[in-house]
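Going by this note's numbering, the final residue of the sequence shown carries number 1098, and the count climbs one at a time with no gaps.
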Amino acid sequence: MNRYLGLAALAATALLQAACATGGAPGAQQSVVDRAALTVQDMMTQNVSQDPKSMLRNAKGVMVCPRIFKAGFFFGGEGGTCVLLARAGNGTWSYPAFYTIGSGSFGFQFGIEDNQLMMLIMTTKGLNAVLDSQIKLGANAGVAVATYGAGVQGSTTTAVGADIVAFAASRGLFGGVALEGSVMSTDSEADQAYYGQPLGARQLVMQMQGANPGADPLRDVLTRYGSSQATAAPAAPQQRQGYAPAYPQYQSQGVQPNAPAPQDGYLSPPAAAGRGPVQEQSLAPPKR
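What follows is the structure, encoded as structure tokens:
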């Protein structure tokens, strides 16, 4: 029995190590960045009690973990790769720094779960804590974490005054991702593989020293949802091809004589010289 338990624990550990491994694997870092962009888009449309878009507009930084695997075969654990970005003074976003996240636990567990996690870093204190080479979330982390989403577990507080606000989505057999006791560490090997030079997390997200065009879609989606103009205007109704409206659209101001024809596909009513925009006309009685 002990032999089977040992093999199961080794299998779970190997799976979690594979989930965290990105450094040195060709294209592995870009795959994480691409999935992070999709994760942000998914999280921005979550139906939760807090609106992530309004919070992103005020965030100092964001940590996105597109895939956190949770595996349990009597010995359980979580592991995944994340990216950290910070907002610059002009409102743009930095290029990402790579992190790993992991935790371990003992208990009667069985199954595999795939989680998405987005942590909005709301304060300078929270950003500096994450920029350290390693941070352990929990009661002794020194930062307050508010959690929302499907099955997310952690050091939960209200979003008001929180240093970090976490949104999560879970798919699998467990109850959700557990932030309590999770350890986030910088992944310098992945950073060097992605940027082609040795750059630390603080150099990337605070000093804006690195650049990789492959991360531009992630930066763009953060800019789109995190700007003050993130709410799009209602789209104009589309017209069917070959269909002409029964009534033309009139401008609110008067039509000027000899004005050029409008370019929007509608005909404005003709204006008579020397008269106002509306002209009266007597109609002959109909013929019998």
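Glycine residues also receive a C-beta, built at the ideal position from the N, C-alpha and C atoms. Since the model is a prediction, treat every value here as computed from it, not as a measurement.
{"Asked": "Spatial distance of Ala-754 from Met-928 (CA atoms)", "Found": "The structure shown does not extend to residue 754, since the chain is modelled only from 811 through 1098, so no value can be given for it."}
{"Asked": "Neighbour-count burial assignment, Pro-862, 16 or more Cβ in a 10 Å radius", "Found": "buried"}
{"Asked": "Alpha-carbon spacing of Val-893 relative to Gly-971, whole angstroms", "Found": "24 Å"}
{"Asked": "Which listed residue (Leu-1014, Cys-875, Ile-945) has its alpha carbon closest to that of Gly-889", "Found": "Cys-875"}
{"Asked": "With 16 other Cβ atoms within 10 Å as the buried cut-off, status of Gln-1017", "Found": "exposed"}
{"Asked": "Terminal residues of the beta strand (DSSP E) in which Ser-995 lies", "Found": "993 to 996"}
{"Asked": "Proximity of Gln-840 and Ala-1003 at Cβ, strictly below 7 Å", "Found": "no"}
{"Asked": "Pair within 7 Å by beta-carbon distance, Gly-1020 and Leu-1014", "Found": "yes"}
{"Asked": "Thr-849 burial status per 10 Å Cβ neighbour count (16 or more: buried)", "Found": "buried"}
{"Asked": "Extent of the continuous alpha helix (DSSP H) run through Lys-935", "Found": "934 to 941"}
{"Asked": "Gln-839, enclosing alpha helix (DSSP H) - first and last residue", "Found": "838 to 854"}
{"Asked": "Nearest-angstrom Cα separation, counted from Glu-999 out to Ala-902", "Found": "Ala is not the amino acid found at residue 902; the sequence shown has Thr there. Approximately 25 Å, taken between the alpha carbons."}
{"Asked": "Helix, strand or coil at Ser-913 [DSSP, three-state]", "Found": "strand"}
{"Asked": "Local Cβ density within 10 Å of Gln-851, reported as buried at 16 or more and exposed below that", "Found": "exposed"}
{"Asked": "DSSP state of Gly-1036 mapped onto helix, strand, coil", "Found": "helix"}
{"Asked": "Exposure label - Pro-906; buried when at least 16 CB within 10 Å", "Found": "buried"}
{"Asked": "Range of the contiguous beta strand (DSSP E) that encloses Lys-802", "Found": "The structure shown does not extend to residue 802, since the chain is modelled only from 811 to 1098, so the question has no answer here."}
{"Asked": "Ala-1000 - DSSP class collapsed to helix/strand/coil", "Found": "helix"}
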